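Participant: Here you go, one structure.
There are 2 protein chains.
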Amino acid sequence: MKIRFYNTKILTAETDCSITEGELCTCDDSIYYVGKERNIKEKYDREINCHGNLLMPGFKNAHTHSGMTFLRSYADDLPLHDWLFNCVFPREDKLTPDDIYVLTQLAVLEYLTSGITSCFDMYFFADSIAAAAKDIGFRMVLCGSVSGQASNVTRLQDEYSKFNNYDELISYQLGFHAEYTADIELMKEIAKLSQSLKAPVYTHNSETEKEVKECIERYGRTPTALFEDLGMLEYGGGGFHCVYLNDNDMDIFKRRNLWAVTNPGSNTKLASGIAPICTMQEKGINLAIGTDGPASNNCLDMFREMFLVTGLQKLLNKDAAACGADSVLKMAVSGGALAVGLKECDCLKEGKKADIVMIDLNRPNMQPLNNISKNIVYSGSKENVKMTMINGKILYENGEFLTGIKPDEIYYKANKIAERIR
Amino acid sequence: MKIRFYNTKILTAETDCSITEGELCTCDDSIYYVGKERNIKEKYDREINCHGNLLMPGFKNAHTHSGMTFLRSYADDLPLHDWLFNCVFPREDKLTPDDIYVLTQLAVLEYLTSGITSCFDMYFFADSIAAAAKDIGFRMVLCGSVSGQASNVTRLQDEYSKFNNYDELISYQLGFHAEYTADIELMKEIAKLSQSLKAPVYTHNSETEKEVKECIERYGRTPTALFEDLGMLEYGGGGFHCVYLNDNDMDIFKRRNLWAVTNPGSNTKLASGIAPICTMQEKGINLAIGTDGPASNNCLDMFREMFLVTGLQKLLNKDAAACGADSVLKMAVSGGALAVGLKECDCLKEGKKADIVMIDLNRPNMQPLNNISKNIVYSGSKENVKMTMINGKILYENGEFLTGIKPDEIYYKANKIAERIR
């Protein structure tokens, strides 16, 4: 399957956010040409006139819990710990693997509308998540979600092996829910596993003041320092949220080449706080962006997240120049890819995977074209996602889903699940 | 022209944000039926099956400078006063009336995509603004924008008279740019004019710390106290931004029945601060929402504003329950209408103007339907605006503009203006 996009602007994101004009060609799952328009005779399955619109790498959602769609607009307006322990956990107990399949697909449909071409999904019933993504054609990196006792490390090991040999769209990284839901023995086992597999480890880290305070009470150190002391960070990895990192934590992030995944929508809605993104940028810490789950955000929209990343830094630092648009765009695109091990999806280049979005510039919010990357970060919205292609297949185009799955059926089933669990 | 919407959910916003099912019928510029589906024979020019989607009153953008589209993504990343005096004002000097006509229409196209059915527009070349809105069919309330010397009150008086007798879609309220750009004699003249016309007065108020500090240095009191002492608030009115109101200012707002128009997108992007919305709610102060102009926001999107209104309050008050979704929805709909004198546009009811939007619930970000008003505020986006009707005419439907004006021509002209002025 060969597709040619012509009459297009291109933001490769290979180095900076500069934009060129030309054409881009894909063959099967990969890009094989990015450059000036060519005058050669070649046969394509489809030639797409982009009418001057922009091709760019898909957004990468570097932290989410897709299956939580069933709780959207249900469990709102509560602080994190109440929300999690009193509202979320009791309802999650009622979920079945079939539920997770449907609820994940609902989230994936929304990712497609926001130009998100892959996500890093931490939730349970991994088989359901992987099948949901594979069946819809979505690139999914599963994140280990174990908690509780040391014996649960077996599941982590099994899943790591299974889902890294499952399908070209699916991969898996070691992870656990959080320090505050894991026994110390489990964390020690995860550290051992990480070292034996030479694999990075990911987890929620310093999302709230309470979390950090209680970890210090339990272990005499912050979550980040604890993880390092347990030997869990030898092969990198990352932390989700990172709102309350102290200087020493940030030094560990830098030294261990960890990724800080920021989730400003969720941190705002749950009143958790504002992550010190500018300070992390100054220290050279790797940054990526996640939506978090739809129960805490409540939407899965990278445009809103990008505006919040920069906007909240401007407020926090009382500096309208803080956290410029291009740096945010890089976090959302190449940052997210590299954070979760998708080295072939970070930019538009020959040989890279064809995970591409077309941004509709012919909409009022993108005009005039004073600065396209600023337009995307400061005024972009889902209405600008004209096409989402994953692994060379167009899954969303002009507002229609081309996944072979009927959205109405997903909506119907998701409502049934929500009603049952309420 | 009679239009019937059936198979629809309806959020009338007459009292609360409850939702019913039924039908809604319009005749020419007004609504003449809202209620259960009827089995009567009646002839309509068009019958629209809403497929269970939601009709609600259009959003009201209670503070903007539409013509500033030419500066979108050009003058970014500067604090308010630098931005205004060094970047904006010198470029505005180059604008012509014809420019403002085009630039305003560009903004209006964007309003339509966001379900905004009217705005309160403070900018210069009032003739161009009014013509741009009238020609496109958009409901526009012009806000006086005078500054400088006392003699400029003549223009205010002339415009008030002219644009309140211009077209059914156009009205005008007394206003001036801000305390810091107006001579004291001008403010005194505006107070006199307000009293003779028995008309409310609107202005930027306490947007930044610097503004309030310098006003106190000049006049020994805050802008709000100054306006009251000048006799400017006898007939109500409102303040834009209201980030730095003190207790006494808020008491004046309450006593004078003023409207505080919050602009969280702009206040975030310009690092101005977070307005004390929850405190104002506790004091019973009238609240509405504006996008501010596209040079400071940079988008004209009521969905983003609504999320920011509630989200920033949650952060400011460290309380995830702060500023609930329904209160925000009311600000964006009926609040904005009543703030600017559009008493016939505040809700869906027989006899009210047909300023209506259809929200597409059959999109992944609106599913499941646990709580529709929370879905709109917490996860809604422009992609959910399926139709925008103003004064009984459908101007935007399924992503297409039905205004009789070609968007591509507006984009072309707007880019030419931006290039000329840069």
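Chains as they are written, first to last, in numbering that gives the first Met the number 0: chain A, 0 to 421; chain B, 0 to 421.
Ideal Cβ positions, reconstructed from N, Cα and C, are used throughout, including at glycine.
Every value quoted in this text rests on a predicted model; they were computed, and no experiment measured them.
1. Run the CB neighbour count on PRO293(A), radius 10 Å, all protein chains shown included, and call it buried at 16 or more, exposed below.
2. Given this structure, state the Cα-to-Cα distance separating ILE30(B) from MET249(A), to the nearest angstrom.
3. Taking the alpha carbon of HIS80(B) as the point to measure from, which residue in ASN297(B), VAL339(B), TYR395(B), VAL211(B) has its own alpha carbon closest?
4. With burial defined as no fewer than 16 other Cβ atoms inside 10 Å of the residue's Cβ, what is the status of MET0(B): buried or exposed?
5. From LYS35(A) to ILE371(A), what does the alpha carbon distance come to, in whole angstroms?
6. So, is GLU206(A) buried or exposed, given that buried needs 16 or more other C-beta atoms within 10 angstroms?
7. Step through the CB atoms of chain B and report whether any lies within less than 7 Å of the CB of CYS86(A).
8. Mind checking if PRO367(B) is an interface residue toward chain A, Cβ cutoff 7 Å exclusive?
9. If you measure beta-carbon to beta-carbon, which residues of the segment 278-301 of chain B are closer than 9 Å to chain A?
10. Counting only runs that start and end within the segment 207-251 of chain B, where is the beta strand (DSSP E) found for 3 or more residues in a row?
11. Among ASP166(A), GLU167(A), ASP157(A), ASN390(A), which one has its Cα closest to the Cα of LEU173(A)?
12. Beta-carbon within less than 6 Å of ALA417(A)'s beta-carbon, same chain only, minus the 5 sequence neighbours each way: which residues are those?
13. With DSSP as the reference, label SER17(B) as helix, strand or coil.
14. Beta-carbon separation of LYS352(B) and GLY136(B) under 7 Å?
15. Which residues in the same chain have their Cβ closer than 7 Å to the Cβ of PHE302(B), if we skip the five residues on either side of it in sequence?
16. Quick one, which of ASN297(B), ALA338(B), SER326(B), ASN361(B) has its alpha-carbon nearest ASN374(A)'s?
17. Closer than 8 Å by beta-carbon distance: list the chain A residues that pair up with ILE273(B), in chain order.
18. From which residue to which residue does the alpha helix (DSSP H) around GLN156(B) run?
19. Give a yes or no on whether 7 Å exceeds the smallest Cβ distance from ASN374(A) to chain C.
20. Name the chain A residues whose beta carbon is nearer than 7 Å to that of PHE69(B)?
21. If you reduce the DSSP assignment to three classes, tell me which class CYS86(B) lands in.
22. Give the C-beta separation of SER195(A) and TYR234(A) to the nearest angstrom, bearing in mind that I take them to be a contact with Cβ-Cβ under 8 Å.
23. Examine chain B for any beta-carbon lying closer than 7 Å to the beta-carbon of GLU408(A), and answer yes or no.
24. Checking 7 Å against the spacing of the C-beta atoms, do ASP76(A) and ALA320(B) come in under that value?
25. Would you mind listing the alpha helix (DSSP H) stretches within the segment 261-347 of chain B that are 4+ residues and don't spill past its ends, in chain order?
26. Is the Cβ of GLU396(B) closer than 7 Å to any Cβ of chain A?
27. Pull up the distance between the alpha-carbon of TYR171(B) and that of ASN38(A), whole angstroms please.
28. Give a yes or no on whether 7 Å exceeds the smallest Cβ distance from ALA319(A) to chain B.
29. Would you call THR63(B) buried or exposed, if buried means 16 or more other Cβ atoms sit within 10 Å of its Cβ?
30. Starting from the beta carbon of TYR243(B), find every residue of chain A whose beta carbon is closer than 8 Å, and list them in chain order.
31. Starting from ARG419(B) and walking both ways along the alpha helix (DSSP H), at which residues does that stretch end?
32. Going by DSSP in three states, ILE39(A) sits in which element: helix, strand or coil?
33. For TYR100(B), which option in PHE124(B), ILE169(B), GLU178(B) has the closest C-alpha, if you only look at C-alpha atoms?
34. ALA417(B) CB to nearest chain A CB: under 7 Å?
35. So LEU108(B) contacts chain A; which residues on that side make the cut at Cβ distance below 7 Å?
36. Helix or strand or just coil, what does DSSP make of GLN366(B)?
Facilitator: The relevant details are as follows:
1. Here the question's residue 293(A) lines up with position 294 in the first sequence. PRO293(A) comes out buried.
2. For the purposes of this step, residue 30(B) is taken as the residue at position 31 of the second sequence. For the purposes of this step, residue 249(A) is taken as the residue at position 250 of the first sequence. Each residue's Cα considered, the two are about 59 Å apart.
3. As a first step, residue 80(B) must be located in the second sequence, where it is residue number 81. Considering only alpha carbons, the answer is VAL211(B).
4. Numbered from its first residue, the second sequence carries residue 0(B) at position 1. It counts as exposed.
5. Looking up residue 35(A) in the first sequence gives position 36. Looking up residue 371(A) in the first sequence gives position 372. Going by the C-alpha atoms only, they are around 19 Å apart.
6. For the purposes of this step, residue 206(A) is identified with residue 207 of the first sequence, where counting begins at 1. It is buried - the Cβ of GLU206(A) has at least 16 other Cβ atoms within 10 Å.
7. Here residue 86(A) refers to the residue found at position 87 of the first sequence. Not an interface residue.
8. Indexing the second sequence from 1 puts residue 367(B) at position 368. Yes, because at least one Cβ of chain A sits closer than 7 Å to the Cβ of PRO367(B).
9. PRO293, ASN296, ASN297, CYS298, LEU299, ASP300
10. 236-240
11. Taking the first sequence and counting its residues from 1, the one referred to as residue 173(A) is at position 174. If we check each option's Cα against that of LEU173(A), ASP157(A) comes out closest.
12. Stepping through the first sequence from its first residue, residue 417(A) is reached at position 418. Closer than 6 Å at the Cβ level, and outside the excluded window around ALA417(A), lie PHE69.
13. Stepping through the second sequence from its first residue, residue 17(B) is reached at position 18. Coil, per DSSP.
14. By one-based count along the second sequence, residue 352(B) stands at place 353. By one-based count along the second sequence, residue 136(B) stands at place 137. Going by C-beta atoms, LYS352(B) is not nearer than 7 Å to GLY136(B).
15. Taking the second sequence and counting its residues from 1, one reaches residue 302(B) at position 303. Counting only Cβ-Cβ distances below 7 Å, and skipping sequence neighbours, we find SER113, GLY379, SER380, LYS381.
16. The residue labelled residue 374(A) in the question sits at position 375 within the first sequence. Measuring from the Cα of ASN374(A), the nearest candidate turns out to be ASN297(B).
17. Position 274 of the second sequence, counted from the start, is the residue given in the question as residue 273(B). Per Cβ cutoff of 8 Å: LEU314.
18. As a first step, residue 156(B) must be located in the second sequence, where it is residue number 157. Run containing GLN156(B): 152-162, per the alpha helix (DSSP H) assignment.
19. Absence of chain C from the displayed structure is noted, the protein chains being A and B.
20. Within the second sequence, residue 69(B) is the residue found at index 70, counting from 1. Going along chain A in sequence order, the residues near PHE69(B) (Cβ under 7 Å) are PRO367.
21. For the purposes of this step, residue 86(B) is taken as residue 87 along the second sequence, with counting starting at 1. Here CYS86(B) sits in helix by DSSP.
22. Taking the first residue of the first sequence as position 1, residue 195(A) is located at position 196. Taking the first residue of the first sequence as position 1, residue 234(A) is located at position 235. Not a contact, Cβ separation roughly 10 Å.
23. For the purposes of this step, residue 408(A) is taken as the residue at position 409 of the first sequence. False, the Cβ-Cβ gap to chain B never drops below 7 Å.
24. The sequence position of residue 76(A) within the first sequence is 77, counting from 1. The sequence position of residue 320(B) within the second sequence is 321, counting from 1. Against a cut-off of 7 Å, the Cβ pair of ALA320(B) and ASP76(A) comes out as a contact.
25. 263-268, 276-281, 301-316, 324-329, 335-338
26. As a first step, residue 396(B) must be located in the second sequence, where it is residue number 397. No, because no Cβ of chain A sits closer than 7 Å to the Cβ of GLU396(B).
27. Along the second sequence, read from residue 1 onward, the residue named residue 171(B) stands at position 172. Along the first sequence, read from residue 1 onward, the residue named residue 38(A) stands at position 39. Each residue's Cα considered, the two are about 57 Å apart.
28. Counting from 1 along the first sequence, the entry for residue 319(A) is found at position 320. Yes, because at least one Cβ of chain B sits closer than 7 Å to the Cβ of ALA319(A).
29. One-based indexing of the second sequence puts residue 63(B) at position 64. Buried, since its Cβ has 16 or more Cβ neighbours within 10 Å.
30. In the second sequence, counting from the first residue as 1, residue 243(B) sits at position 244. Simply none; closest approach about 13 Å.
31. For the purposes of this step, residue 419(B) is taken as residue 420 along the second sequence, with counting starting at 1. Segment 406-420, the alpha helix (DSSP H) holding ARG419(B).
32. Mapped onto the first sequence, residue 39(A) falls at position 40. Coil.
33. Counting from one through the second sequence, the residue named residue 100(B) turns up at place 101. Taking only the C-alpha atoms, the option nearest TYR100(B) is PHE124(B).
34. Counting from one through the second sequence, the residue named residue 417(B) turns up at place 418. Output row for ALA417(B): interface = yes.
35. Indexing the second sequence from 1 puts residue 108(B) at position 109. Near LEU108(B) (Cβ distances below 7 Å), the residues of chain A are PRO363.
36. The residue labelled residue 366(B) in the question sits at position 367 within the second sequence. GLN366(B): coil per DSSP, three-state reduction.
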